[in-house]
Amino acid sequence: MSSSRVDGRALRFQHRRPELLAAATEYILEHGVTGLSLRPVAQALGVTHATLLRHFSSKDALLLAVAEKVRTDMAAWLMSDVELREARSAAELLRAVWRRLCEPQEQRQFLLLFEFVGHHGEKSGEDEELSRSIVQDWTEIIADRLAADGWPPEDASALSTLVLAQVRGLQLDLLVSGDRARADRAIDFAVRLLDHSTRAGSADDHG
Numbered sequence: 001m002s003s004s005r006v007d008g009r010a011l012r013f014q015h016r017r018p019e020l021l022a023a024a025t026e027y028i029l030e031h032g033v034t035g036l037s038l039r040p041v042a043q044a045l046g047v048t049h050a051t052l053l054r055h056f057s058s059k060d061a062l063l064l065a066v067a068e069k070v071r072t073d074m075a076a077w078l079m080s081d082v083e084l085r086e087a088r089s090a091a092e093l094l095r096a097v098w099r100r101l102c103e104p105q106e107q108r109q110f111l112l113l114f115e116f117v118g119h120h121g122e123k124s125g126e127d128e129e130l131s132r133s134i135v136q137d138w139t140e141i142i143a144d145r146l147a148a149d150g151w152p153p154e155d156a157s158a159l160s161t162l163v164l165a166q167v168r169g170l171q172l173d174l175l176v177s178g179d180r181a182r183a184d185r186a187i188d189f190a191v192r193l194l195d196h197s198t199r200a201g202s203a204d205d206h207g
């Protein structure tokens, strides 16, 4: 008999993974990572611990899947939202995204991010996938838009890192201080600098 025989139970439940991941993501966004155990997650999702493990082999595997879903959902929103699609520049896009990210439902992803960093910060190679999902994949999305504005690839890469750090840093500030007006002024200043730099670069290209 072939050793590659398919597990019938795995096939039967395979279609449920997206549904379970969506529900698990909502649960973890609401409850956080600290003290997280798979059994309460499974109970909240209405499945057995064994079923959850069949789809996500460990707690870390589930957390990685959740981090990736948060990123892909945001990327899909960036592509599908009419206001964002019609943004004429990265600066205009950043301003619109900031408004969305300040909504309480969206702010939960930053709380989760900061918990991820605290939970995984001292680990190494085993967290490369998580590191890519919460840092590199995001900077690539931003860099692609900056490149569309005319930024050279190396500059777009460096600036995307700066933009990501500004947004996350200001979200941390906002979560701690609750001072939305000050955070809005800071992001508006960053947007104006970005817009000015983009216009200056365009003028140099055509000068």
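Just so you know, we're using the UniProt record's numbering here: the sequence shown kicks off at 1 and counts up by one.
The beta carbon of each residue, even a glycine, is placed where N, CA and C say it ideally should be.
Contact check for Leu38 against His31 fails: the beta carbons are separated by 9 Å or more. In the three-state scheme derived from DSSP, where H, G and I count as helix and E and B as strand, Pro152 is classed as coil. Rounded to the nearest angstrom, the gap between the Cα atoms of Arg17 and Ile134 is 21 Å.
Using a Cβ distance threshold of 9 Å, Val66 and Ala24 count as a contacting pair. Across the structure, Ser160 and Leu20 are spaced so that their CA atoms are roughly 32 Å apart. Note on geometry: alpha-carbon atoms of Leu174 and Arg180 lie some 6 Å from one another. Boundaries of the alpha helix (DSSP H) around Ser80: Lys59 to Ser80. In the displayed model, Phe189 falls within a helix according to three-state DSSP.
For a cut-off of 8 Å, the C-beta gap from Ala90 to Ala96 is around 11 Å, too long to register as a contact. With fewer than 16 neighbouring CB atoms inside 10 Å of its own CB, Val176 falls in the exposed class.
Between the alpha carbons of Glu115 and Asp155 lies a gap of roughly 30 Å. If you look at Gln43, you'll find it in the alpha helix (DSSP H) that goes Leu38 to Leu45. Pairing Ala148 with Ser157 gives a Cβ-Cβ distance that is not under 9 Å. In the structure shown, the three-state DSSP call for Thr51 is helix. Rounded to the nearest whole angstrom, the CA to CA distance from Ala22 to Leu170 is 27 Å.
Per DSSP, Glu19 is one residue of the alpha helix (DSSP H) stretching across Arg17 to His31. Taking a contact as a CB-CB distance under 8 Å, the pair Leu93 and Arg145 counts as one, their CB atoms being some 6 Å apart.
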